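Under my numbering, think of the first position of the sequence shown as 1, with each following residue one higher. Don't be surprised by glycine CBs; every beta carbon is placed ideally from N, CA and C. Since we're looking at a predicted model, the values are computed, not measured. Heads up: the structure comes next, in structure tokens.
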Amino acid sequence: MPMRLLWLGSLRKWASPQTIYFADLPSTDQQNLNFAGEQNSMDRQPNPFSPKTISIDYLARTEGESGLMVKIADGGDVQEIKLKIFEPPRFFEGFLVGRKYSEAGDIVSRICGICPISHLTTSLQAVEDAMGIMPSPQTRRLRRLMCVSQVVASHIIHLYMFVLPDYFGYPGFAEMMPEFKKETDYLLAMKEAVNNVAEKIGGRPLNPISMVVNGFTKLPDRETMLSLAEEIRAVLPMAYETAMMMSRLPYPDLETEGEFAALRKEASGEEESGEYAFNEGRLVSSGGLNLDIHDYFAAFCEQEQGYAQAKKSFLKTGNTYMSGALARVNLKFDQLHDETKKLAQEIGFSRPDRNPFHNNLAQALEIYDGMLESIRLLSEIDPKKEVPSVDIRAGEGVAITEAPRGLLMHRYVIDRRGVIEEANLITPTSQNFANIERDLHLLAARYGQSDDHEALRLKCEQLIRAYDPCFSCSVH
């Protein structure tokens with residue numbers, strides 16, 4: 001029987017954390033961090049009100065393990081916000097050191113059961129960058145197709161299984177299934193179609209085996225590609241209905257104050273055109289950032305937290321930022337398919353949209369656009385056999401891609417034998433961590449004066465889930 005739904009959590013590895021490339025924020029910008037309750041305790045003014053606390057020991061319907069603590073004074077002032085990521089550290093950066101370059105992709109694809117293709121692709125591109133390898137146009141297009149299929153698959157799972165129960169009053173999607181048979185059929189049919197793309201091109205839908213440095217070991221024939229295109233075309237109306245359904249949900253009103261950050265690829269030369277970037281491009285932000293991916297550490301930094309296993313990322317200006325579907329749609333709306341732009345108008349999405357809850361709408365648009373892009377690529381690509389070749393040499397490589405949840409960075413240092421000497425990975429949820437807490441602060445300040453603690457608790461959970469965090473990836 002065909003596999004209708006693949007839903008695997010990450011395998012957890014117990015190990016101690018590794019810190020590479022820690023960067024301190026400028027001291028003049030520490031005041032920007034007070035929203036997360038991280039200012040020095042000696043600088044806090046005594047509050048005459050005893051705080052009320054909303055404590056969530058274990059956040060449901062997210063990938064990985066975390067909790068939340070919110071303290072609000074009787075006067076309504078938010079005293080403290082802590083998103084407590086207690087998923088055990090997994091030490092993948094340490095696993096990579098001493099391994100051959102050819103092993104890296106297989107290792108890092110096990111970081112996450114939701115986005116193995118993103119980790120694999122980013123790893124391959126970091127190795128290629130270190131060794132000065134430029135893959136063929138066919139390889140790059142097939143990788144794009146693989147990553148698009150994974151973004152679509154991940155968004156489908158998130159919107160149906162994690163988001164919908166919040167707005168229909170169910171503890172989980174399993175409890176919804178008897179009453180929401182059409183939605184269940186949509187979920188399974190769309191997921192199966194995009195899984196088939198990953199399986200036929202990558203060898204299997206999770207942890208692909210045909211994607212290697214500088215190419216693919218095996219490729220489908222033209223007939224298979226066209227058949228896959230028809231499978232995606234058949235479920236495209238379901239993607240449209242998904243977007244319409246998501247647009248009717250009653251989202252809380254909120255505006256994030258952080259920047260948006262994403263990859264953007266412009267037209268370059270006669271043979272290339274600007275595209276909605278996933279694997280290539282420059283780093284751009286709503287604050288005017290526009291730089292080569294190799295300059296990532298010139299603009300971004302990380303900071304450890306005593307109450308979380310994951311590190312937070314910041315712009316070196318001290319500002320927080322959001323990556324992921326909402327950031328991408330805001331920064332690259334002009335590169336969406338025309339049909340997607342029309343759908344955005346139909347569901348009332350207009351940019352700049354700064355409501356983090358509308359990340360759900362942006363994901364719905366990316367599902368539809370990703371299917372259109374998959375149909376285009378599957379219809380155009382006629383796979384030709386190419387033998388992957390590698391001329392091993394020492395070097396340092398950086399790759400940044402767009403995983404479903406946002407920007408994903410891999411950096412490797414490789415010696416002349418092809419052995420990895422250093423590895424640094426920065427995941428989307430780590431990059432969104434600080435902005436999630438900042439938005440939680442704004443949310444609690446806006447709705448915290450109410451005596452309805454349960455309503456505020458639900459809004460906080462909805463906000464966190466809207467970011468679609470993967471806490472397993474964040475502790476990698």
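Item to check | Candidates LYS218, GLN305, LEU226, PHE168: closest to PHE86 by CA position | outcome: One-based indexing of the sequence shown puts residue 86 at position 86. The shortest Cα separation from PHE86 among LYS218, GLN305, LEU226, PHE168 belongs to GLN305.
Checklist entry - Applying the criterion that 16 or more other CB atoms from any shown protein chain within 10 Å of the CB defines a buried residue, is ARG416 buried or exposed? => result In the sequence shown, residue 416 corresponds to position 416, counting from 1. Under this definition ARG416 is an exposed residue.
Next on the checklist: Can you tell me whether VAL475 is helix, strand or coil according to DSSP?
Outcome noted: As a position in the sequence shown, residue 475 is number 475, starting the count at 1. If DSSP states are grouped into helix, strand and coil, VAL475 belongs with the helices.
Item to check | Length at least 4, wholly inside the segment 405-472: the alpha helix (DSSP H) runs in chain order | outcome: The alpha helix (DSSP H) runs lying completely inside the segment 405-472 and spanning 4 residues or more are 428-447, 453-466, given in chain order.
Next on the checklist: My output table needs one value for THR184: the three-state DSSP class, helix, strand or coil.
Outcome noted: The residue labelled residue 184 in the question sits at position 184 within the sequence shown. For THR184, the three-state secondary structure derived from DSSP is helix.
Checklist entry - For the beta strand (DSSP E) that SER285 lies in, which residues bound it at each end? => result Here the question's residue 285 lines up with position 285 in the sequence shown. Per DSSP, SER285 belongs to the beta strand (DSSP E) from 282-285.
Checklist entry - Nearest CA to the CA of ARG411: which residue from PRO356, ILE157, TYR296? => result On the sequence shown, residue 411 is found 411 positions in, with the first residue counted as 1. ARG411 has its Cα closest to that of TYR296, out of PRO356, ILE157, TYR296.
Next on the checklist: Quick check on GLY215: buried or exposed, where buried means 16 or more other Cβ atoms within 10 Å of its Cβ?
Outcome noted: Start at 1 with the first residue of the sequence shown, and residue 215 comes out as number 215. With a 10 Å radius around the Cβ and a threshold of 16 neighbouring Cβ atoms, GLY215 comes out buried.
Checklist entry - Would you call the segment 61-69 and the segment 82-101 in contact, with 3 or more CB pairs under 8 angstroms? => result Because the criterion of three Cβ pairs below 8 angstroms is met, the segment 61-69 and the segment 82-101 touch.
Checklist entry - Taking C-alpha atoms, which residue in SER472, CYS470, ASP451, TYR467 lies nearest to ILE54? => result For this step, residue 54 is matched to residue 54 along the sequence shown. With distances taken between Cα atoms, ILE54 lies closest to ASP451.
Item to check | Backbone CA spacing between ASP166 and ILE157 [nearest angstrom] | outcome: Looking up residue 166 in the sequence shown gives position 166. Looking up residue 157 in the sequence shown gives position 157. Approximately 14 angstroms between the Cα atoms of the pair.
Checklist entry - According to the neighbour-count rule (16 or more other Cβ atoms, all chains shown, within 10 Å of its Cβ), is SER474 buried or exposed? => result On the sequence shown, residue 474 is found 474 positions in, with the first residue counted as 1. Buried, because 16 or more other Cβ atoms sit within 10 Å of the Cβ of SER474.
Checklist entry - Quick one: Cα of PRO356 to Cα of ARG438, how far? => result Position 356 of the sequence shown, counted from the first residue, corresponds to residue 356. Position 438 of the sequence shown, counted from the first residue, corresponds to residue 438. Rounded to the nearest whole angstrom, the C-alpha separation of PRO356 and ARG438 is 11 angstroms.
Item to check | Spatial distance of SER313 from ASP221 (CA atoms) | outcome: Your numbering for residue 313 matches position 313 in the sequence shown. Your numbering for residue 221 matches position 221 in the sequence shown. The straight-line gap separating the alpha-carbon atoms of SER313 and ASP221 is approximately 43 angstroms.
Next on the checklist: Does THR401 come out as helix, strand or coil in the three-state DSSP assignment?
Outcome noted: In the sequence shown, residue 401 corresponds to position 401, counting from 1. When secondary structure is reduced to three states using DSSP, THR401 falls in the strand class.
Checklist entry - Expressed to the nearest angstrom, what Euclidean distance is found between the alpha-carbon atoms of ALA310 and ARG457? => result Locating residue 310 in the sequence shown gives position 310, counting from the first residue. Locating residue 457 in the sequence shown gives position 457, counting from the first residue. Looking at the two C-alpha atoms, the distance is approximately 23 angstroms.
Checklist entry - Which value, in whole angstroms, describes the spacing of the CA atoms of LEU25 and ARG90? => result As a working mapping, residue 25 is identified with position 25 in the sequence shown. As a working mapping, residue 90 is identified with position 90 in the sequence shown. Residue confidence is low: LEU25 scores 38 on pLDDT, short of 50, so the model does not pin down where it sits. Its coordinate-derived value is still stated next. In a straight line, the C-alpha of LEU25 is about 26 angstroms away from that of ARG90.
Next on the checklist: I'd like to check one pair, GLU255 with ARG354: are the Cβ atoms closer than 7 angstroms?
Outcome noted: Position 354 of the sequence shown, counted from the start, is the residue given in the question as residue 354. Position 255 of the sequence shown, counted from the start, is the residue given in the question as residue 255. A contact, by the Cβ cut-off of 7 angstroms.
Item to check | Cβ-Cβ separation, LEU59 to GLU461 (assumed contact under 8 angstroms), whole Å | outcome: Residue 461 sits at position 461 when you count from the first residue of the sequence shown. Residue 59 sits at position 59 when you count from the first residue of the sequence shown. About 6 angstroms; that satisfies the 8 angstroms criterion.
Checklist entry - Taking the continuous alpha helix (DSSP H) assigned at CYS147, which residues delimit it? => result For the purposes of this step, residue 147 is taken as the residue at position 147 of the sequence shown. Annotation: the continuous alpha helix (DSSP H) that includes CYS147 extends over 137-157.
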